[in-house]
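Engineer: Here you go, one structure.
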Amino acid sequence: MEKIFRLAALLAVWISLSLHSFAQTPWDEVMMGKGEICAALMYEHSSWDQYWEGTYLRQNANIGTFTRQMGMPMIAMGVSKKVNIIASLPFVHTKASGGTQAGQSGLQDLSISAKVDWLQKQVGPGRLLFLTNAHFSTPIGNYLSDYMPFSIGVGAPELGLRGIGGYKMDNGLVFRAALAYIWRGQTEIERDYYYENGSVYSAFMNVPNVLNFHGAIGYWAFDNRLRVEATYQNFNCLTGDDIRAYNRPQPTNKMDFGQVGAWVQYFVKADRGLGALAYFNQTVSGRNVGKATTIGLGLTYQFKVY
Amino acid sequence: MKKIYNNCIKLFLLVLIASSCIEETPNYYEFEGYDFSNLDPNGGTWKTILVTSPTQITVPAPNATSSAQYQAELSEMKQKMSSLTPDEQAAVKYWTNNPVLRWNEIALELAAKYNLIPGPNADGTYTLPNPANPQGPPAFPFAHPPYTSRMLAYLSVAQFDALVVAWHYKYEFNRPAPYQVDTAIEPAYAKSQLPSYPSDGATLALVSKEILVAMFPLETIYLERKYQEHIASLMHAGINVQSDIAAGVTIATEVVKLAKQRASTDGMAKAQTPKPVSDSIANAAFERFGWKWQNMETPQRPVGLTPLFGKVKMWNVPTVEEVRPGPPPAPGSADFNRDAEELKKFASHMTIQQRRIANWWEDGLGSYTPPGHWNKFAKEAIVRHKLNPLRSARVFAYMNTAIMDAGVACWDTKYYYHYPRPIETIPGFKTILGTPNFPAYTSGHSTFSAAGAEVLAYFFPSEAAQFRAWAEEAAVSRLYGGIHYRFDAEVGTTQGRNVGSYAVNRAKADGAQ
Chain R
114 MEKIFRLAAL
124 LAVWISLSLH
134 SFAQTPWDEV
144 MMGKGEICAA
154 LMYEHSSWDQ
164 YWEGTYLRQN
174 ANIGTFTRQM
184 GMPMIAMGVS
194 KKVNIIASLP
204 FVHTKASGGT
214 QAGQSGLQDL
224 SISAKVDWLQ
234 KQVGPGRLLF
244 LTNAHFSTPI
254 GNYLSDYMPF
264 SIGVGAPELG
274 LRGIGGYKMD
284 NGLVFRAALA
294 YIWRGQTEIE
304 RDYYYENGSV
314 YSAFMNVPNV
324 LNFHGAIGYW
334 AFDNRLRVEA
344 TYQNFNCLTG
354 DDIRAYNRPQ
364 PTNKMDFGQV
374 GAWVQYFVKA
384 DRGLGALAYF
394 NQTVSGRNVG
404 KATTIGLGLT
414 YQFKVY
Chain X
325 MKKIYNNCIK
335 LFLLVLIASS
345 CIEETPNYYE
355 FEGYDFSNLD
365 PNGGTWKTIL
375 VTSPTQITVP
385 APNATSSAQY
395 QAELSEMKQK
405 MSSLTPDEQA
415 AVKYWTNNPV
425 LRWNEIALEL
435 AAKYNLIPGP
445 NADGTYTLPN
455 PANPQGPPAF
465 PFAHPPYTSR
475 MLAYLSVAQF
485 DALVVAWHYK
495 YEFNRPAPYQ
505 VDTAIEPAYA
515 KSQLPSYPSD
525 GATLALVSKE
535 ILVAMFPLET
545 IYLERKYQEH
555 IASLMHAGIN
565 VQSDIAAGVT
575 IATEVVKLAK
585 QRASTDGMAK
595 AQTPKPVSDS
605 IANAAFERFG
615 WKWQNMETPQ
625 RPVGLTPLFG
635 KVKMWNVPTV
645 EEVRPGPPPA
655 PGSADFNRDA
665 EELKKFASHM
675 TIQQRRIANW
685 WEDGLGSYTP
695 PGHWNKFAKE
705 AIVRHKLNPL
715 RSARVFAYMN
725 TAIMDAGVAC
735 WDTKYYYHYP
745 RPIETIPGFK
755 TILGTPNFPA
765 YTSGHSTFSA
775 AGAEVLAYFF
785 PSEAAQFRAW
795 AEEAAVSRLY
805 GGIHYRFDAE
815 VGTTQGRNVG
825 SYAVNRAKAD
835 GAQ
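Taken in order, these protein sequences are the chains called R and X. Note that the first sequence ends on residue 419 in the working numbering; no numbers are left out. Note that the second sequence ends on residue 837 in the working numbering; no numbers are left out.
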């Protein structure tokens with residue numbers, strides 16, 4: 114049943130995408146022109162040695178330092194000047210330095226998003242921007258979500274809608290805020306009983322929905338060849354239970370975090386050809402998640418096909 | 325603009341389609357009350373386990389249905405039935421006419437809630453749950469598999485005995501159910517000829533509450549609420565009047581005393597030993613066999629889980645030594661190497677099916693444990709076969725005493741042989757399941773499961789093959805999980821089957837067939 118649903122949902126998204134509208138990271142204001150394609154290869158390394166069990170920040174020597182590495186091909190395409198689509202499929206690998214449990218690795222979730230540029234209006238010394246990004250993702254392969262903290266994803270289909278508002282000044286300064294509501298479905302697990310504030314007799318877990326805020330102050334320099342940003346994001350599950358004392362997490366948990374970060378992107382030639390990017394995120398607050406430090410590196414190549 | 329509109333509609337439809345595909349996540353087994361396949365009118369003659377004879381518990385003769393007192397009770401019940409709140413109606417539907425199943429579910433839920441292993445203190449020491457200070461931290465109890473097996477055994481035995489006594493008096497006094505006396509009463513459950521004095525529901529409610537309060541002292545308020553709800557539902561359902569309930573409570577009070585008496589002297593209080601005792605057990609094994617198991621966690625736990633659970637009083641087996649298997653192959657021997665190589669092969673070439681089996685049977689920390697898993701199977705079989713509460717309690721009593729005996733036998737073997745786990749003997753070995761805090765040989769899952777399966781196979785012969793196949797799968801699941809060798813599982817299965825046969829033999833002679 115779930116497979117049918119996934120296929121149907123995937124199909125629906127493809128149809129809606131092919132019929133009309135919609136482009137770079139799902140939360141920024143960057144759009145590409147019609148026929149432009151940007152292919153990117155990203156690598157991300159994230160690690161933590163403390164995690165929040167509920168709201169209690171703790172260590173666990175049987176995990177030691179937890180490391181999550183991700184390699185992600187990503188492709189963005191300008192369907193039109195106003196509509197861009199982005200697709201990505203990460204490969205994730207997890208392991209712990211302590212304890213005796215095996216990590217997990219595999220393809221995670223295929224994500225497709227469509228970004229629409231609704232408004233660009235000169236107001237004073239800059240342009241006022243409004244964009245939306247609708248995205249859908251679904252697990253690929255058969256990784257087990259109910260193997261936290263090692264599982265590479267929550268194993269549930271996801272549908273999100275994000276509004277992005279910004280003000281880009283003529284001198285290159287950008288102020289941007291994005292807010293997304295992410296509806297997350299169920300994840301199929303490999304047992305038919307689990308505890309979530311009481312007994313649950315089911316082989317499915319409800320993965321909580323999320324409100325995700327992303328804010329940035331950025332600066333474009335050298336003729337739009339260098340982009341630097343300071344970022345903050347807040348990820349909040351709207352429901353969910355806490356990790357119980359010295360117990361493992363599970364996909365039903367209320368996972369929240371706040372992250373500060375920085376983003377640098379450099380295009381060798383203005384808006385074509387090779388580019389490189391690097392980012393850094395530090396988790397500063399959280400609940401039922403690791404206090405992670407993340408660095409990401411990427412290479413992008415942009416070209417025009419029509 | 326039209327495009328936006330269309331797009332919104334599509335998004336909305338997608339969410340709608342998605343929502344309709346959501347699987348249910350119920351908090352209890354959803355079944356309707358059913359017609360009992362048999363009322364077992366001679367159930368009062370069945371052999372009890374704790375009670376010597378039903379007549380050792382005195383129940384006063386009830387008022388005749390024609391008496392003014394009974395008629396007043398009947399009016400009171402009808403009065404209550406006529407003004408039920410939605411919550412009260414929901415409670416009647418929830419409890420059903422086989423509330424044995426609901427109390428068993430409550431027990432499993434508490435097992436899952438309390439099955440949390442204490443973590444280390446900041447200085448690297450561990451504090452153990454203490455019944456004298458249940459709040460902790462850590463909270464008491466740690467409802468690990470031995471604890472849970474024992475909890476379920478006492479619960480089921482007390483339920484069974486109390487119901488045998490209730491049945492004895494039901495058929496001695498033969499006071500009909502309210503709806504047989506007054507045909508204007510429409511009970512919430514299927515009508516039956518089962519005499520209603522004393523109330524089987526009330527005796528079950530009190531026995532279950534009292535045993536569970538003793539086992540989970542922090543849950544007193546929760547259990548009292550469940551108890552009151554259950555008791556009230558008996559009148560609301562139109563199946564008992566007040567004096568039926570009072571007589572049921574009288575029986576329960578006496579049975580609970582006997583159960584608590586046995587529990588206080590069965591040896592469980594000494595099962596979790598201090599470190600010197602634990603060390604001497606390990607050293608005895610080392611001197612005998614040349615190996616010993618060690619905890620591999622960081623910081624290392626100083627004592628394994630309940631080293632002396634193997635000395636706890638058994639229910640159906642006279643002495644634990646008679647169900648203790650011979651020694652496992654020595655580490656490094658050809659037999660050992662073969663089984664260790666097999667584990668390495670599973671770990672490096674795990675199929676989805678093997679992973680699924682490992683997880684399906686994990687029943688690890690935070691779950692209702694393997695004994696809980698078998699109770700779930702029993703519950704489902706009971707509904708399929710439409711057993712009455714007495715016969716249901718009998719299935720649980722024999723199965724749960726067999727499972728606890730299997731736990732005792734397995735733990736005796738574990739600490740007698742003190743055999744190391746694969747993560748100790750195979751360098752660099754990583755597992756997909758957490759390695760438990762006790763020796764490997766024999767496998768607890770295998771032993772518990774085989775014992776449970778033997779008893780269920782006896783009670784439900786048409787499903788015997790399925791129960792035994794499940795027990796085999798539970799055993800092999802530990803190999804896929806990387807935490808047991810094949811010999812742990814195979815010998816454990818044989819041991820469990822052996823222990824289970826003691827319970828089956830006892831059941832064969834209890835007068836119920």
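Glycine is no exception: its CB is placed at the ideal position from the N, C-alpha and C atoms.
So if I threshold CB-CB distances at 8 Å, which residues from the segment 342-365 of chain X count as touching chain R?
Structural biologist: Ala-342, Cys-345, Ile-346, Glu-347, Glu-348, Thr-349, Pro-350, Asn-351, Tyr-352, Tyr-353
Engineer: Run through the segment 544-603 of chain X for me and flag every whole alpha helix (DSSP H) of 4 or more residues, listed as ranges in chain order.
Structural biologist: 544-560, 566-588
Engineer: Going along the chain, which residues of the segment 418-444 of chain X sit with their C-beta nearer than 8 Å to a C-beta in chain R?
Structural biologist: For the segment 418-444 of chain X, which is checked against every Cβ of chain R, the residues closer than 8 Å are Glu-429, Leu-432, Glu-433, Ala-436, Lys-437, Leu-440, Ile-441, Pro-442, Gly-443, Pro-444.
Engineer: What is the C-beta distance between Gln-415/R and Glu-149/R, in whole angstroms, given that I count them as a contact (C-beta under 8 Å)?
Structural biologist: By one-based count along the first sequence, residue 415/R stands at place 302. By one-based count along the first sequence, residue 149/R stands at place 36. Between Glu-149/R and Gln-415/R the Cβ distance is about 6 Å, and since that is below 8 Å, they are a contact.
Engineer: Within the chosen definition, does the segment 771-791 of chain X reach the segment 811-829 of chain X through at least 3 CB pairs nearer than 8 Å?
Structural biologist: Yes, the segment 771-791 of chain X is in contact with the segment 811-829 of chain X.
Engineer: Can you find a C-beta in chain R that's less than 8 Å from the C-beta of Trp-684/X?
Structural biologist: Start at 1 with the first residue of the second sequence, and residue 684/X comes out as number 360. Yes - at least one Cβ of chain R is within 8 Å of the one on Trp-684/X.
Engineer: Return the CA-CA distance between Gln-395/X and Thr-389/X, expressed in angstroms with no decimal places.
Structural biologist: Counted from its first residue, the second sequence places residue 395/X at position 71. Counted from its first residue, the second sequence places residue 389/X at position 65. Cα to Cα, Gln-395/X sits roughly 7 Å from Thr-389/X.
Engineer: So which residues of chain B does Phe-243/R contact, with C-beta pairs closer than 8 Å?
Structural biologist: This model lacks chain B altogether; the protein chains it does include are R and X.
Engineer: Please return the same chain residues whose Cβ sits closer than 8 Å to the Cβ of Glu-621/X, not counting the five positions on each side in sequence.
Structural biologist: Taking the first residue of the second sequence as position 1, residue 621/X is located at position 297. If we look at Glu-621/X and ignore the five residues flanking it on each side, its Cβ neighbours are Asn-761.
Engineer: To be precise: take each residue of the segment 345-379 of chain R, compare its Cβ to all Cβ atoms of chain X, and keep it if any distance is under 7 Å. Which residues remain?
Structural biologist: Arg-357, Ala-358, Tyr-359, Asn-360
Engineer: For a quick check, are the C-beta atoms of Phe-464/X and Arg-718/X less than 8 Å apart?
Structural biologist: Residue 464/X sits at position 140 when you count from the first residue of the second sequence. Residue 718/X sits at position 394 when you count from the first residue of the second sequence. No. Outside cutoff.
Engineer: Is Lys-228/R helix, strand or coil when you go by DSSP?
Structural biologist: To locate residue 228/R, count along the first sequence from 1; it is residue 115. If DSSP states are grouped into helix, strand and coil, Lys-228/R belongs with the strands.
Engineer: CA-CA distance, Leu-431/R and Arg-357/R?
Structural biologist: Any answer about residue 431/R is impossible in this case: the structure gives chain R only from 114 up to 419.
Engineer: Residues of chain X with CB under 7 Å from Asn-175/R, in chain order?
Structural biologist: In the first sequence, the residue the question calls residue 175/R occupies position 62. Residues of chain X passing the Cβ test: Glu-621, Thr-622.
Engineer: Indicate whether the contact test is met: 3 or more Cβ pairs, each with one atom in the segment 732-743 of chain X and one in the segment 781-793 of chain X, closer than 8 Å.
Structural biologist: no
Engineer: With a threshold of 16 other CB atoms inside 10 Å of the CB of Glu-704/X, please say whether the residue is buried or exposed.
Structural biologist: The residue labelled residue 704/X in the question sits at position 380 within the second sequence. Exposed, by the Cβ-count rule.
Engineer: If you draw a straight line from the C-alpha of Ala-136/R to the C-alpha of Val-267/R, how long is it?
Structural biologist: Walking along the first sequence from the start, residue 136/R turns up at place 23. Walking along the first sequence from the start, residue 267/R turns up at place 154. Residue placement at Ala-136/R is poorly supported in this model, since its pLDDT is 29, which falls under 50; the coordinates still yield a value, given next. Near 25 Å, if we compare the C-alpha coordinates of Val-267/R and Ala-136/R.
Engineer: For my contact list, Pro-694/X and His-769/X are in at a C-beta cut-off of 8 Å; report their separation, rounded to the angstrom.
Structural biologist: Counting from 1 along the second sequence, the entry for residue 694/X is found at position 370. Counting from 1 along the second sequence, the entry for residue 769/X is found at position 445. At roughly 5 Å, the Cβ-Cβ gap stays under 8 Å, so Pro-694/X and His-769/X are in contact.
Engineer: Does the segment 342-350 of chain R come close enough to the segment 364-376 of chain R that 3 or more CB-CB pairs lie under 8 Å?
Structural biologist: yes
Engineer: Rounding to the nearest angstrom, what Cα-Cα distance links Gly-614/X and Tyr-741/X in this structure?
Structural biologist: Residue mapping note: residue 614/X aligns to position 290 of the second sequence, counting from 1. Residue mapping note: residue 741/X aligns to position 417 of the second sequence, counting from 1. Cα to Cα, the separation comes out at about 10 Å.
Engineer: Do Ala-777/X and Asn-640/X have their beta-carbon atoms positioned less than 8 Å apart in this structure?
Structural biologist: As a first step, residue 640/X must be located in the second sequence, where it is residue number 316. As a first step, residue 777/X must be located in the second sequence, where it is residue number 453. No; because the gap between Cβ atoms is not below 8 Å, this pair is not in contact.
Engineer: Does any heavy atom of the ligand MG sit closer than 7 Å to the C-beta of Glu-646/X?
Structural biologist: This structure does not include the ligand MG; it has no bound ligands of any sort.
Engineer: Residues in the same chain with beta-carbon distance under 6 Å from Ser-134/R, minus the five sequence neighbours each way, listed in chain order, please.
Structural biologist: For the purposes of this step, residue 134/R is identified with residue 21 of the first sequence, where counting begins at 1. In this predicted model, Ser-134/R has a pLDDT of only 26, less than 50, meaning its place in the structure is not dependable; the value taken from the coordinates is given anyway. Result list for Ser-134/R: Val-196, Val-229, in chain order.
Engineer: Does the segment 414-434 of chain X come into contact with the segment 533-552 of chain X, if we say contact requires no fewer than three beta-carbon pairs (one atom in each stretch) closer than 8 Å?
Structural biologist: At 8 Å Cβ cutoff, the stretches touch.
Engineer: At the level of alpha carbons, what is the spacing between Glu-645/X and Val-732/X?
Structural biologist: Walking along the second sequence from the start, residue 645/X turns up at place 321. Walking along the second sequence from the start, residue 732/X turns up at place 408. About 11 Å.
Engineer: Is there contact here, the segment 551-564 of chain X with the segment 397-413 of chain X, by at least three beta-carbon pairs under 8 Å?
Structural biologist: yes
Engineer: Taking the CB atoms as reference points, tell me whether Leu-530/X and Pro-423/X lie closer together than 8 Å.
Structural biologist: Here the question's residue 530/X lines up with position 206 in the second sequence. Here the question's residue 423/X lines up with position 99 in the second sequence. No, they are not a contact pair.
Engineer: Given a cut-off of 8 Å on the beta-carbon distance, is the pair Glu-303/R and Phe-317/R in contact?
Structural biologist: Here the question's residue 303/R lines up with position 190 in the first sequence. Here the question's residue 317/R lines up with position 204 in the first sequence. The answer is no: Cβ separation not under 8 Å.
Engineer: Closest by CA to Gly-805/X, which one among Lys-581/X, Gly-443/X, Asn-683/X?
Structural biologist: On the second sequence, position 481 is the one that residue 805/X refers to. The candidate whose alpha carbon is nearest that of Gly-805/X is Asn-683/X.
Engineer: Anything in chain R within Cβ reach of Tyr-722/X, meaning under 7 Å, just list it in chain order.
Structural biologist: Numbered from 1 along the second sequence, position 398 holds the residue referred to as residue 722/X. By Cβ distance, chain R contributes nothing, its closest Cβ being about 23 Å from Tyr-722/X, past 7 Å.
Engineer: Note down, in chain order, every chain R residue with its Cβ under 9 Å from the Cβ of Ile-706/X.
Structural biologist: Counting from 1 along the second sequence, the entry for residue 706/X is found at position 382. Chain R residues near Ile-706/X: none, gap ~16 Å exceeds 9 Å.
Engineer: Please classify Lys-599/X: is it buried, with 16 or more other beta-carbons within 10 angstroms of its beta-carbon, or exposed?
Structural biologist: Within the second sequence, numbered from 1, the residue matching residue 599/X stands at position 275. That one is exposed.
Engineer: Answer yes or no: does any C-beta atom of chain X fall closer than 8 Å to that of Ala-57/R?
Structural biologist: Outside the modelled stretch of chain R, which goes from 114 to 419, sits residue 57/R, for which no answer is possible.
Engineer: Apart from the five residues on each side of it in sequence, which residues of its chain come closer than 6 Å, Cβ to Cβ, to Asp-162/R?
Structural biologist: On the first sequence, residue 162/R is found 49 positions in, with the first residue counted as 1. The answer, listed in chain order, is Thr-178.
Engineer: Taking Cys-734/X as part of the alpha helix (DSSP H), name the residues at either end of that continuous run.
Structural biologist: On the second sequence, position 410 is the one that residue 734/X refers to. Run containing Cys-734/X: 713-741, per the alpha helix (DSSP H) assignment.
Engineer: Run through the DSSP bridge pairs and tell me what Ala-354/R is partnered with.
Structural biologist: Taking the first sequence and counting its residues from 1, the one referred to as residue 354/R is at position 241. Inspection of the sequence shows that residue 354/R is occupied by Asp rather than by Ala. Note: Asp-354/R sits in a beta bridge opposite Asn-366/R.
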